[in-house]
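J.: Pasting a structure below so you can have a look.
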Amino acid sequence: MPISEWRTDDHRIQEPECKGEERMSDVAAQPAPSLLANGWIRTGLITAAVIAAIAIGARIDPSGTIHKVFVDPFQQMVEAPDLLAQTVWEGLVSGVLYALIALGFVLIFKASGVFNFAQGIMVVFAALTLVGLHEKGVPAFLAVILTLGVMFVLAATIERVVLRPLVNQPDIILFMATFGITYFLIGFGESVFGGNPKQMITSELYLPKGAIDAKILGGLVSFQKIDIAAAVIASLMIAALAVFFQYTRIGRALRAVADSHKAALSVGISLNQIWVIVWFTAGIVALITGIMWGARSDVSFALEIVALKALPVLILGGFTSIPGAIVGGLIIGIGEKLGEFYWGPLIGGGIESWLAYFIALGFLLFRPQGLFGDKIIERI
Amino acid sequence: MSTATLEQPAPVTATDTILSLNNIEVIYDHVVLVLKGVSLTVPRKGIVAILGANGAGKTTTLKAISNLLKAERGEVTKGSIVFDGERVDRMSPNELVRRGCIQVMEGRHCFGHLSIEENLLTGAFTRRDGNAAIKRDLEKIYELFPRLKQRRNSQAGYTSGGEQQMCAVGRAMMSKPKMILLDEPSMGLAPQIVEEIFEIVRRLNAEDGVSFLVAEQNTNMALRYATYGYIMETGRVVMDGEAQMLRENEDVKEFYLGVAEGNKKSFREVKSYKRRKRWLS
């Protein structure tokens, strides 16, 4: 490969990030626009240079790699907008579910400073408990309530057995403790409900089945009803959480704890109580996520791999931001599907499983606090 | 002497004493002995000052009372703390706030990402007397601190140091306390603001009957508003007395007010150095 191509190859990696960073930083950096003015100009110049280089490269060699990578996929998108819409929709749906898992992480991280590695497994555990209880003859809706009860007991137990004795220990110790929780939940779940994959009880929970085919953009786009339901339920839950955090006494206390543990203690907020509440909330989020994921595939511990996708989502969105988790989830979900569909064939497919981590790596290099990471308020 | 006899006098004195510390000892991290037997009392509806240099143990004393020590791996290992006729040295901060004793920490510690109004409302976390009462008290706080009302919707992190201190005091008031432990209210503030804050302390004390225990380095200011003072040095109370008396004491003048002449280095070289009550434990 000639040297000039190497260079542009390099740029291929940089280009989408520059764009993303530029677009998003204007949301994240509103308090200090003057500081970013320089960065903006620089980013803009780099982006323009990269685009110009690509355009020239593609013009010189219309059948070469550059054309295939930078021009052809976009031509396809324009030529078949219905396919694009279908891909984006599918990405959106999996993005919503990634966002939900990441949301559970963020809740716990903000309130107790614990990076909860077990969040992914809590999703599986909740879904498994629900299906397992139903298999044992419990009516569907009673099973949902019982599962919520189990999640509450789990939250209270974790607070009592893990968090309380380890409070004030270094973060890494609490992180390791969540590894312990992960493997405990896997073992416990398997021994009680068995390790074989199960079917989610979608029809018993009155979740819709089938698909709607809509004629848009000159083609047929099919929307799975369960996906629509997932998106709607997820949005409702996020709205409910936002209201809960913003306007209730407990929600306010949760935000206070997230802000400063010490100050929260000093005004008489009981950290132990808050931790139980926040782990329980994360448990509820896990259950809903579990139902939705389970409806799209089987309920089994293989879901854990999918749950790990929450990591790149968090790196993208910032560990402390709920909007970040949501936007990050959508970006990863859509980016993955688009990458797989349009760029996957160029290298023989399989992009979907690693693209998210690749994007996350880029973010770690250039914007480690994520898109919406904590604004640090400093008094001057 | 057994602890049983120590507990006896508490209910008797409860009528005029709201807080009494009896020879408490605090150890951090199981190793570092920070308080070496501190005893003090705060009369009901009184303002008492703890004075002393950095590292004298003022903050630790306040944290021992409010039990925020545990969060910093500290522990009261000896002695007793009686608040409002009840032993409180094993209580969580949450229970203590419920009983009416709240601390305003050194350096304000407002919730930076919450608005001023939300900050004030978090102070009412332990209250159970309904939203109407809380709303009423919120208005009262705004009346005391008109500046907080102006800035009610701005994020506390972006307000000035004085506003944050007011916010912290207002937040503590929202819990309807009988007693506020105020740690270094003057830290990093202009003299004018410090005076404003002490005026509020006096007003709260006179109007609502709130008792105050104030830890201060600004000896001059503290002794003007307090009725009684304790001077601490390296984890001990080395002197105590009426504020009037302390203001006029030559040694205090020399060490803390910086007006007398001489070159004594420590209170221990001074005649009035007070031995701790060794006979108690």
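Order-wise, the sequence lines are chains A and B.
Per my numbering, residue 802 is the first one in the first sequence, and the count goes up by one each step.
Per my numbering, residue 121 is the first one in the second sequence, and the count goes up by one each step.
All residues carry an ideal CB built from backbone N, CA and C; glycine is no exception.
Counting only Cβ pairs nearer than 7 Å, list the residues of chain B close to D1060 of chain A.
T.: Walking along the first sequence from the start, residue 1060 of chain A turns up at place 259. F231, G232, H233 and L234, listed in chain order.
J.: Am I right that M923 of chain A and A1083 of chain A are in contact with their C-beta atoms under 8 Å? What's the rounded C-beta distance?
T.: On the first sequence, position 122 is the one that residue 923 of chain A refers to. On the first sequence, position 282 is the one that residue 1083 of chain A refers to. M923 of chain A to A1083 of chain A, Cβ: 7 Å. Contact.
J.: For D329 of chain B, does the count of other Cβ atoms within 10 angstroms reach 16, so buried, or fall short, so exposed?
T.: Counted from its first residue, the second sequence places residue 329 of chain B at position 209. First, the residue type needs correcting, since residue 329 of chain B is Gly and not Asp in the sequence shown. Exposed, by the Cβ-count rule.
J.: In the DSSP assignment, the beta strand (DSSP E) including A1012 of chain A goes from what residue to what residue?
T.: Reading the first sequence from its first residue, position 211 is the one you call residue 1012 of chain A. Here the beta strand (DSSP E) through A1012 of chain A covers A1012 to I1017.
J.: Using only the alpha-carbon positions, how far apart do E226 of chain B and P305 of chain B sit?
T.: Against the second sequence, residue 226 of chain B aligns to sequence position 106. Against the second sequence, residue 305 of chain B aligns to sequence position 185. E226 of chain B and P305 of chain B: Cα-Cα distance of roughly 7 Å.
J.: Does DSSP put L1104 of chain A in a helix, a strand or coil?
T.: To locate residue 1104 of chain A, count along the first sequence from 1; it is residue 303. If DSSP states are grouped into helix, strand and coil, L1104 of chain A belongs with the helices.
J.: Applying the criterion that 16 or more other CB atoms from any shown protein chain within 10 Å of the CB defines a buried residue, is T983 of chain A buried or exposed?
T.: As a working note, residue 983 of chain A is residue 182 in the first sequence. Classification of T983 of chain A: buried, given that the 10 Å Cβ count is 16 or more.
J.: Residues of the stretch 158-191 of chain B with a CB closer than 8 Å to any CB of chain A: list them in chain order, please.
T.: Answer in chain order: S186, L188 and A191.
J.: Take Q337 of chain B and list the residues in its own chain whose beta-carbon comes closer than 6 Å to its own, dropping the five residues that flank it on each side.
T.: Locating residue 337 of chain B in the second sequence gives position 217, counting from the first residue. So no residue of the chain qualifies.
J.: Using 8 Å as the limit for Cβ to Cβ distance, is T246 of chain B near chain A?
T.: Sequence index remark: in the second sequence, residue 246 of chain B carries index 126 (1-based). Chain A contact via Cβ: present.
J.: Identify the continuous beta strand (DSSP E) that holds V1086 of chain A and give its terminal residues.
T.: Your numbering for residue 1086 of chain A matches position 285 in the first sequence. Counting along the chain, V1086 of chain A falls outside any beta strand (DSSP E), though it belongs to the alpha helix (DSSP H) covering L1072 to R1097.
J.: With DSSP as the reference, label P1113 of chain A as helix, strand or coil.
T.: Counted from its first residue, the first sequence places residue 1113 of chain A at position 312. Reduced to three states, the DSSP call for P1113 of chain A is helix.
J.: Can you check whether the CB of W1076 of chain A is closer than 8 Å to the CB of E960 of chain A?
T.: As a position in the first sequence, residue 960 of chain A is number 159, starting the count at 1. As a position in the first sequence, residue 1076 of chain A is number 275, starting the count at 1. Their beta carbons are under 8 Å apart, which means E960 of chain A touches W1076 of chain A by this criterion.
J.: With three or more beta-carbon pairs closer than 8 Å as the criterion, would you say the stretch 1050-1061 of chain A touches the stretch 176-187 of chain B?
T.: With the cut-off at 8 Å, the stretch 1050-1061 of chain A and the stretch 176-187 of chain B do not touch.
J.: Checking contacts by CB at 8 Å: is L1066 of chain A closer than that to chain B?
T.: To locate residue 1066 of chain A, count along the first sequence from 1; it is residue 265. So yes, L1066 of chain A belongs to the interface.
J.: Under 8 Å, do G349 of chain B and A335 of chain B count as touching if we go by C-beta distance?
T.: Here residue 349 of chain B refers to the residue found at position 229 when the second sequence is read from its first residue. Here residue 335 of chain B refers to the residue found at position 215 when the second sequence is read from its first residue. No, the Cβ-Cβ distance between G349 of chain B and A335 of chain B is not below 8 Å.
J.: Contact criterion: CB-CB distance below 8 Å. Does G865 of chain A meet it with respect to chain B?
T.: For this step, residue 865 of chain A is matched to residue 64 along the first sequence. Chain B contact via Cβ: absent.
J.: G1069 of chain A touches chain B at which residues, Cβ-Cβ below 7 Å?
T.: Here the question's residue 1069 of chain A lines up with position 268 in the first sequence. Simply P213, N214, V217, R218, I222, F245, T246 and S295.
J.: Closer than 7 Å by beta-carbon distance: list the chain A residues that pair up with L241 of chain B, in chain order.
T.: Within the second sequence, numbered from 1, the residue matching residue 241 of chain B stands at position 121. Those are R1053, listed as they occur along chain A.
J.: Spatial neighbours of A346 of chain B within its chain, please: C-beta separation below 7 Å, excluding the five flanking residues on both sides.
T.: In the second sequence, counting from the first residue as 1, residue 346 of chain B sits at position 226. Counting only Cβ-Cβ distances below 7 Å, and skipping sequence neighbours, we find I167, V168, A169, V334 and A363.
J.: Residues of chain B with CB closer than 7 Å to the CB of A1057 of chain A, please, in chain order.
T.: For the purposes of this step, residue 1057 of chain A is taken as residue 256 along the first sequence, with counting starting at 1. Correct list: F231, L234 and T242.
J.: Going by the beta-carbon positions, is the gap between Q970 of chain A and A1111 of chain A smaller than 8 Å?
T.: Sequence index remark: in the first sequence, residue 970 of chain A carries index 169 (1-based). Sequence index remark: in the first sequence, residue 1111 of chain A carries index 310 (1-based). In this structure, A1111 of chain A does not lie closer than 8 Å to Q970 of chain A by Cβ.
J.: If you draw a straight line from the C-alpha of P297 of chain B to the C-alpha of I1070 of chain A, how long is it?
T.: For the purposes of this step, residue 297 of chain B is taken as the residue at position 177 of the second sequence. For the purposes of this step, residue 1070 of chain A is taken as the residue at position 269 of the first sequence. Rounded to the nearest angstrom, the two C-alpha atoms are 15 Å apart.
J.: For E238 of chain B, go through chain A and note every residue whose CB falls closer than 7 Å to its CB, in chain order.
T.: By 1-based counting over the second sequence, the position of residue 238 of chain B is 118. Those within 7 Å of E238 of chain B in chain A are R1053.
J.: If you measure beta-carbon to beta-carbon, which residues of the stretch 248-271 of chain B are closer than 8 Å to chain C?
T.: Annotation note: the requested chain C is absent from the structure, which comprises protein chains A and B.
J.: Is the stretch 988-1001 of chain A close to the stretch 846-859 of chain A, with three or more CB pairs under 8 Å?
T.: No, the stretch 988-1001 of chain A does not touch the stretch 846-859 of chain A.
J.: Could you tell me whether the Cβ of N969 of chain A comes closer than 8 Å to any Cβ of chain B?
T.: The sequence position of residue 969 of chain A within the first sequence is 168, counting from 1. So, interface residue.
J.: Inspect the CB distances between the stretch 865-872 of chain A and the stretch 1055-1066 of chain A and report whether three or more fall short of 8 Å.
T.: No, because fewer than three Cβ pairs between the stretch 865-872 of chain A and the stretch 1055-1066 of chain A fall closer than 8 Å, the two stretches do not touch.
J.: Between K1063 of chain A and chain B, is there a C-beta pair that is closer than 8 Å?
T.: Translated into the one-based positions of the first sequence, residue 1063 of chain A becomes position 262. So, interface residue.
J.: So is R193 of chain B in contact with chain A if we call contact Cβ pairs under 8 Å?
T.: Position 73 of the second sequence holds residue 193 of chain B. Yes, contact with chain A.
J.: Where DSSP assigns a beta bridge to G349 of chain B, which residues make up the other side?
T.: Your numbering for residue 349 of chain B matches position 229 in the second sequence. Looking at the DSSP assignment, G349 of chain B forms a beta bridge with B:A169 and B:G361.
J.: Measure how close the beta-carbons of A1030 of chain A and V897 of chain A come, nearest whole angstrom, since I'm counting them as under 8 Å.
T.: Within the first sequence, the letter at position 229 stands for residue 1030 of chain A. Within the first sequence, the letter at position 96 stands for residue 897 of chain A. That belief does not hold up - the Cβ atoms of A1030 of chain A and V897 of chain A are roughly 11 Å apart, past 8 Å.
J.: In the stretch 200-288 of chain B, which residue ranges form an unbroken alpha helix (DSSP H) of at least 4 residues, counting only runs that do not cross its ends?
T.: Those alpha helix (DSSP H) runs which fall completely within the stretch 200-288 of chain B and span 4+ residues are 213-219, 236-242, 250-264 and 266-270.
J.: At the level of alpha carbons, what is the spacing between R1168 of chain A and L1109 of chain A?
T.: As a position in the first sequence, residue 1168 of chain A is number 367, starting the count at 1. As a position in the first sequence, residue 1109 of chain A is number 308, starting the count at 1. Between R1168 of chain A and L1109 of chain A, the C-alpha separation is close to 21 Å.
J.: Within 8 Å (strictly less), CB to CB, does R291 of chain B reach chain A?
T.: Along the second sequence, read from residue 1 onward, the residue named residue 291 of chain B stands at position 171. Interface residue, yes.
J.: Just tell me which of A:V894, A:Y899, A:W1080 and A:F1142 has its CA closest to the CA of L1104 of chain A.
T.: Counting from one through the first sequence, the residue named residue 1104 of chain A turns up at place 303. Ranking A:V894, A:Y899, A:W1080 and A:F1142 by Cα distance to L1104 of chain A puts A:Y899 first.
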